[in-house]
Amino acid sequence: MSAILIIEQVLNGLQFGVMLFLMAAGLTLIFGVMGLINLAHGSLYMVGAFAAAAVAGATGSFVLALIAALAAAACAGTIVEIVVIRRLYRAAHLDQVLATFALILIFSEGTRWVFGSFPLFLDIPDYLSGPIALPGGIEYPLYRLALIGAGVLVAVELWWLTSRTRIGIQIRAGENDREMIAALGVDISRLYTLVFAMGAALAGLAGALVGAIQSVQVGMGEPVLILAFVVIVIGGIGSIKGAFIGSLLVGLTDTLGGVFLPELFKVFMDVGAATQTGSALASMAVYILMSVVLIWRPTGLFGMRA
Amino acid sequence: MIGERYINGLVLAGFLAVPIWALAMDEPFTITLATRASVLAMAAVGLNIALGIGGLVSLGHAVFFGLGGYAMGILAHHAQTHAALDLGFLAIEGSRSMPVIWITAVTVSALAALLIGLLSLRTTGVYFIMITLAFGQMFFFFSISWSAYGGEDGLSIYVRNGFPGLDTLVPIQFFGLCFTALCAALLLHWRLRASPFGMALNAARQVPRRVETVGLNPMRLKLLAFVVSGAVTGLAGALFADLNRFVSPTMFSWQLSGELIVLIIIGGVGRLMGPVIGAALFVALEHFLGGLTDFWHVWLGAILLLIVLFARGGLIGILTGKDGPRV
Numbered sequence: 002m003s004a005i006l007i008i009e010q011v012l013n014g015l016q017f018g019v020m021l022f023l024m025a026a027g028l029t030l031i032f033g034v035m036g037l038i039n040l041a042h043g044s045l046y047m048v049g050a051f052a053a054a055a056v057a058g059a060t061g062s063f064v065l066a067l068i069a070a071l072a073a074a075a076c077a078g079t080i081v082e083i084v085v086i087r088r089l090y091r092a093a094h095l096d097q098v099l100a101t102f103a104l105i106l107i108f109s110e111g112t113r114w115v116f117g118s119f120p121l122f123l124d125i126p127d128y129l130s131g132p133i134a135l136p137g138g139i140e141y142p143l144y145r146l147a148l149i150g151a152g153v154l155v156a157v158e159l160w161w162l163t164s165r166t167r168i169g170i171q172i173r174a175g176e177n178d179r180e181m182i183a184a185l186g187v188d189i190s191r192l193y194t195l196v197f198a199m200g201a202a203l204a205g206l207a208g209a210l211v212g213a214i215q216s217v218q219v220g221m222g223e224p225v226l227i228l229a230f231v232v233i234v235i236g237g238i239g240s241i242k243g244a245f246i247g248s249l250l251v252g253l254t255d256t257l258g259g260v261f262l263p264e265l266f267k268v269f270m271d272v273g274a275a276t277q278t279g280s281a282l283a284s285m286a287v288y289i290l291m292s293v294v295l296i297w298r299p300t301g302l303f304g305m306r307a
Numbered sequence: 489m490i491g492e493r494y495i496n497g498l499v500l501a502g503f504l505a506v507p508i509w510a511l512a513m514d515e516p517f518t519i520t521l522a523t524r525a526s527v528l529a530m531a532a533v534g535l536n537i538a539l540g541i542g543g544l545v546s547l548g549h550a551v552f553f554g555l556g557g558y559a560m561g562i563l564a565h566h567a568q569t570h571a572a573l574d575l576g577f578l579a580i581e582g583s584r585s586m587p588v589i590w591i592t593a594v595t596v597s598a599l600a601a602l603l604i605g606l607l608s609l610r611t612t613g614v615y616f617i618m619i620t621l622a623f624g625q626m627f628f629f630f631s632i633s634w635s636a637y638g639g640e641d642g643l644s645i646y647v648r649n650g651f652p653g654l655d656t657l658v659p660i661q662f663f664g665l666c667f668t669a670l671c672a673a674l675l676l677h678w679r680l681r682a683s684p685f686g687m688a689l690n691a692a693r694q695v696p697r698r699v700e701t702v703g704l705n706p707m708r709l710k711l712l713a714f715v716v717s718g719a720v721t722g723l724a725g726a727l728f729a730d731l732n733r734f735v736s737p738t739m740f741s742w743q744l745s746g747e748l749i750v751l752i753i754i755g756g757v758g759r760l761m762g763p764v765i766g767a768a769l770f771v772a773l774e775h776f777l778g779g780l781t782d783f784w785h786v787w788l789g790a791i792l793l794l795i796v797l798f799a800r801g802g803l804i805g806i807l808t809g810k811d812g813p814r815v
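First to last, the sequence lines map onto chains A and B.
Each residue of the first sequence is one higher than the last, beginning at 2 in this note's numbering.
Each residue of the second sequence is one higher than the last, beginning at 489 in this note's numbering.
Structure below.
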C-alpha cells in the first residue's frame, strides 16, 4: 500500500464527491425552497447525458455537448415543473414520491423508446485526455482532475449566487417564509420554476460530465440519485454547505471503502473471505454512514427542520 | 357512487372467479397471473398496515419482501444440495416444507423490521422515507456481493416447496394457497384497524401529540405496526419466491419498494382492498400493455401521474366518491 495509491484514491473519491454535489445541490435547493422530494432528478441527469452524447456525436464538439446537456436538462426541468411538479408543492410527501416515481418511468422508457436500449458513448476531448504528472510523481487522468475543478467552481458559484445576489436572497427568503416574500412582490411561481430549472441544469451537467467516463444508458440516473439523496440527508436537507460536505464524505467513503476495506480485512482473514466481506461491507458503507448520522442527528449534519 | 363494502366483495369475488374461469378454459397462465397478483397484493397489504393506518411512508419494504424470498431460497437451497447451513455453533437443516419456510420468513422479517423500525422511527417525514430507502439499499448491495447464495445471479430452486395435503405444482392449488394467505392478511388488517391498537395508531398518525397526552406512546404503536407490516410483507416474499422458484437481489431493489407503494396508491391509501385492486390492475396492465408494447412503463407512469394529480383517493376513492385518509 503506497502513498501514491492512497492519494490517487483520495482524488478519485473527491472527483466522485463533487459530481455527487452537482446532483445533490439541485435536490437540496428544490427540497429546501419548495419542500419537494424529487425522485425524477436522476432522469434529468440522464437527459443531460443523452443530449450531450447526441450532440457530441453530431458535431464532435465537447463544449457544444456540455451546452446541449445544460440546455436540454433545463428545458426538461422547466416543462416538468410547469406541467406536473407545480401541482405537488402542497401535496403530501407520499404523493410527491409517487408522482416523481411515475416521471422516472416515463423518462426512462421514453428515452429507451427514442435512443434504444444500447448504451451511447461520449468521448473525452483530446485536450483533456491522457494523464498529467502531479507533484510527488503521481500520474493522474487530466479529465478527472478537470471534473474536480469544475465541481469546485460550481460550488463556489452556487455559494456566491445564494449568498451574494438578489436571486439568492429571494431563494433563501423563500425557504423561510414563502407567503411573506410573495407579499413583498416576488413572483413566487416564477422563482420556483427558476430554481427547479437551475437544479435540473446542474443535474444535466453532471450527467454529461460523468457520461464521458462511463457509458450513457437508460437507468444511469437512479444509482446516482439515491446516492445524492444519501448526501442531502447526511448534510441536512436544504443546506448547500451540508450538500457539499455530505458529497465529499459520501464520495470518499464509497471510493476508499471499496479499495481499502478488503485490504483491511486481509489483515485478520484469509484472502477470499476478506475480499468477500470487505466488498460487501464497502458497498453498504455509505448507507451505514447515513443511518449512523441520522440516528445521531435525526435532521442531518446541517439540517434545521424536519 | 358505490359503497366500499360492495366494492370489497366484488373484488374478492373477481379474484376467485378469474382463476376458476381460467381452470375451466384450461389456461394455466392466467391462473399464474392471478397468483402473482394475489402475492403482490399481500405484500402491499402488509405495507398498507404501516402506510395506510400508521402513516409510515416506508420506501424500504423490499427489505422484508426480499428477506422472505431469501428465507425460502436459502432453506430450499440447503435442502436441494443436502448440505446443512453451518453457523459454527449450530447446523440448520434445509427445508422443503412451506410451513417451516413461512415461519422462518415471518420471524426473520419481523426481527429485521423491529431493528430497522427502532432506528428509523427516530426520524420523521422525508428523513424517514430516506432512511428506510437506505436500509433497502444496504440489503440490496449485501445480497449482490454475497456470492454464497448466488450473488447477483440469484438462486434457482428446481422444485416448488411442498405444503401438506396439496400438490403445489398444480397452478390452481398453489393459487388457492396464496389466495388464502392474502385473505388472512386482509383479515389481519381489518381486525387490526378496528382494534384499540389500530384506533390508537390511526390517532398517532393524525395527532401524535394528543395521543401522547392521553398516555399512549406513539413510538411504540408505530414500531409494532412496522413489525407486523414487515412480517406480512416477508411472508408474501416467501410465496413470491416459491411462485417463481427463484430469488435474486431484485427482490431487495428500491424499485420494488416503490412499486409496492404504487399498488397501494392505485387502489387507494388506507383502504382495506386498496392494495388488492392495485395489484390486480398492475398485473393486468403489465400483461396486456406489456403484450402491446415493450415500453408499457411509459403508460403505467402516465396512469400513475393522473391518479396522483386528479384522483387522490385512488380507484376506490373514485368509485365511492370519498377521499381516503391523508398520509
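Here a beta-carbon is modelled for each residue, glycine too, at the ideal position from N, C-alpha and C.
Predicted model, so just to flag it, every value in this text is computed and none were measured.
Asked, Found
"Proximal residues of chain A, C-beta to C-beta of B:Tyr615 below 9 angstroms", "Val234, Ile238, Leu295, Pro299, Thr300, Gly301, Gly304, Ala307"
"Beta carbon proximity, A:Met291 to chain B, threshold 8 angstroms", "yes"
"With 16 other Cβ atoms within 10 Å as the buried cut-off, status of B:Gly809", "exposed"
"Rounded distance between the beta-carbons of A:Ile172 and B:Gly789, thought under 8 angstroms", "Not quite, the Cβ-Cβ distance comes to about 30 angstroms (not below 8 angstroms), so this is no contact."
"Inter-residue spacing [alpha-carbon to alpha-carbon] between A:His94 and A:Gly169", "26 angstroms"
"Rounded distance between the beta-carbons of A:Gly212 and A:Ala54, thought under 8 angstroms", "6 angstroms"
"Any C-beta of chain A under 8 angstroms from that of B:Val796", "yes"
"CB contact check: A:Val85 to chain B, cutoff 8 angstroms", "yes"
"Under 8 angstroms between C-beta atoms of B:Ala724 and B:Gly556", "yes"
"Boundaries of the alpha helix (DSSP H) in which B:Pro763 is found, first to last residue", "762-780"
"For B:Gly650, the residue or residues it bridges with in DSSP", "B:Ser585"
"Near-chain A residues of the segment 744-775 of chain B - C-beta to any C-beta below 8 angstroms", "Gly746, Ile749, Val750, Ile753, Val757"
"Members of the segment 534-552 of chain B near chain A, C-beta cut-off 8 angstroms", "Leu539, Val545, Leu547"
"Positions along the segment 617-630 of chain B whose CB lies within less than 8 angstroms of some CB in chain A", "Ile617, Met618, Ile619, Leu621, Ala622, Phe623, Gln625, Met626, Phe629, Phe630"
"B:Gly818: contacting residues in chain A (beta-carbon distance under 9 angstroms)", "Nothing about residue 818 of chain B can be reported from this structure: the residues present for chain B run from 489 to 815 only."
"Cβ-based contacts, 7 angstroms cut-off: residues of the segment 589-617 of chain B near chain A", "Leu607, Arg610, Thr611, Thr612, Gly613, Val614, Tyr615, Ile617"
"Alpha helix (DSSP H) segment containing A:Ile214, residue limits", "It is not in any alpha helix (DSSP H) - A:Ile214 carries neither H nor E in the DSSP assignment."
"Listed by chain order, chain B residues near A:Met285 by CB distance under 7 angstroms", "Met626, Phe629, Phe630"
"B:Pro696 - containing alpha helix (DSSP H), residue span", "696-701"
"Buried/exposed call for B:His566, threshold 16 Cβ in 10 Å", "buried"
"Terminal residues of the alpha helix (DSSP H) in which B:Leu793 lies", "784-798"
"Residues of its chain near B:Val506, where Cβ-Cβ distance is below 7 angstroms and the 5 sequence neighbours each way are ignored", "Thr518, Ala522"
"Any chain A beta carbon closer than 8 angstroms to B:Ser635", "yes"
"Beta carbon proximity, A:Gly18 to chain B, threshold 8 angstroms", "no"
"Inter-residue spacing [alpha-carbon to alpha-carbon] between A:Glu223 and B:Ala559", "28 angstroms"
"Residues sharing a beta bridge with A:Val56, DSSP", "The partner list for A:Val56 (beta bridge, DSSP) is empty, contrary to what the question assumes."
"C-beta atoms of B:Val715 and B:Ala601 nearer than 8 angstroms", "yes"
"Proximity of A:Val98 and B:Ile537 at Cβ, strictly below 8 angstroms", "no"
"N- and C-terminal bounds of the beta strand (DSSP E) containing A:Leu135", "132-135"
"Alpha-carbon spacing of A:Ala307 relative to B:Gly502, whole angstroms", "Reliability of the predicted coordinates at A:Ala307 is poor, the pLDDT of 41 falling under 50, and no value is obtained from them."
"Cutoff 8 angstroms: B:Ser570 Cβ touching any chain A Cβ", "Here residue 570 of chain B turns out to be His, not Ser, going by the sequence shown. No, its Cβ sits nowhere closer than 8 angstroms to a Cβ of chain A."
"Given 8 angstroms, three or more beta-carbon pairs between the segment 62-72 of chain A and the segment 223-233 of chain A", "no"
"Proximity winner among A:Pro132, A:Leu195, A:Ile139, relative to A:Ile83 (alpha-carbon distances)", "A:Leu195"
"Nearest candidate by alpha-carbon position, reference B:Ser526, set B:Leu751, B:Gly778, B:Ala799", "B:Leu751"
"Own chain residues within Cβ distance below 6 angstroms of B:Leu528, not counting five before or after", "Ala767"
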